[in-house]
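Accompanying notes for the structure given below.
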Amino acid sequence: MLVLLGTLCGYRGYRPLADFAKEQWPILRELLALPPSTRIPSYSTFRRVLLRVDFDSLVGLFNQWSRAFITLTEPTWVAADGKSIRSTLTDYSSSYQNFVSTVSVFTHQTGVVLQLQVMENKKSSAIEVVRQLITALSGQPVVFTLDALHCQKKQRHTLANKANTI
Numbered sequence: 001m002l003v004l005l006g007t008l009c010g011y012r013g014y015r016p017l018a019d020f021a022k023e024q025w026p027i028l029r030e031l032l033a034l035p036p037s038t039r040i041p042s043y044s045t046f047r048r049v050l051l052r053v054d055f056d057s058l059v060g061l062f063n064q065w066s067r068a069f070i071t072l073t074e075p076t077w078v079a080a081d082g083k084s085i086r087s088t089l090t091d092y093s094s095s096y097q098n099f100v101s102t103v104s105v106f107t108h109q110t111g112v113v114l115q116l117q118v119m120e121n122k123k124s125s126a127i128e129v130v131r132q133l134i135t136a137l138s139g140q141p142v143v144f145t146l147d148a149l150h151c152q153k154k155q156r157h158t159l160a161n162k163a164n165t166i
């Protein structure tokens, strides 16, 4: 909860999150009904907790929330894009380089993310992940706009079979 609130308030990183907790501690302790003996978390506590977060589970929970609370009633233009996650790069100087990205489908008009998926570049490609996201949104009134990477026969076939438009 502290990470979410701090991030929404512009505190990004372990030390800024610890600063947020320290600055807002009286309000947070009351809001979260914490006993007075509860200590303010340090930046290393934020780091340890965040390193243990199961990213796949977090993405799954986000997608459940998105499906439950975001309803599209009319055709909506959406795009898909991937962003690498900082500090996930391994073997940076070799051909075995690997990193983790999130690929999201979001609306053009509002920027609201409809669906997320994790991609590890050694295990899958952006093309494959976007295809899975298209399948996940089948039946929704969406019009996909995709960059040149996704303008392949198989990708177009996936879109056509799912009754979506590009």
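Just so we're aligned, residue 1 is where the sequence shown starts under full-length UniProt numbering, counting upward by one.
By construction, the Cβ of each residue, glycine as well, lies at the ideal position given by its N, Cα and C atoms.
Between Thr107 and Val129, is the Cβ-Cβ spacing less than 7 Å?
no
Terminal residues of the continuous beta strand (DSSP E) containing Gly111?
From DSSP, Gly111 is part of no beta strand (DSSP E); its letter is neither H nor E.
DSSP on Thr135, reduced to helix/strand/coil?
helix
Based on the DSSP secondary-structure assignment, which residues constitute the bridge partners of Gln24?
None, per the DSSP bridge assignment.
Within the continuous alpha helix (DSSP H) that includes Thr145, where are the two ends?
Here Thr145 belongs to no alpha helix (DSSP H); instead the beta strand (DSSP E) covers Val142 to Thr145.
Does DSSP classify residue 167 as helix, strand or coil?
A query on residue 167 cannot be resolved here, the shown segment of the chain reaching from 1 to 166 and no further.
In its own chain, which residues sit with a C-beta less than 7 Å from the C-beta of Tyr96, not counting the 5 before and 5 after it?
none
Could you tell me whether the stretch 114-132 touches the stretch 45-54, where touching means 3 or more Cβ pairs closer than 8 Å?
no
Taking its Cβ as the centre, do 16 or more other Cβ atoms sit within 10 Å of Ile134, making it buried, or is it exposed?
buried
Whole-Å CB distance - Ser57 paired with Lys83, under 8 Å assumed
Not quite, the Cβ-Cβ distance comes to about 19 Å (not below 8 Å), so this is no contact.
Per DSSP, which residues does Met119 bridge with? Please list them.
Ser101
Using 8 Å for Cβ pairs, my map puts Ala80 next to Phe144. What's the rounded Cβ distance?
7 Å
Selected residue, minimal CA-CA separation from Leu2, among Leu61, Pro41, Gln64 and Asn98
Pro41
When burial is assigned at 16 or more other CB atoms within 10 Å of the CB, is Tyr92 buried or exposed?
exposed
Is it right to say His150 is buried, meaning 16 or more other beta carbons lie within 10 angstroms of its own, or is it exposed?
buried
Relative to the C-alpha of Gly13, which candidate in Trp25, Ser125 and Ser87 has its C-alpha closest?
Ser87
Rounded to a whole number of angstroms, what is the C-alpha to C-alpha distance between Cys9 and Ala136?
31 Å
Could you tell me the alpha carbon to alpha carbon distance between Gln64 and Val142, rounded to whole angstroms?
18 Å
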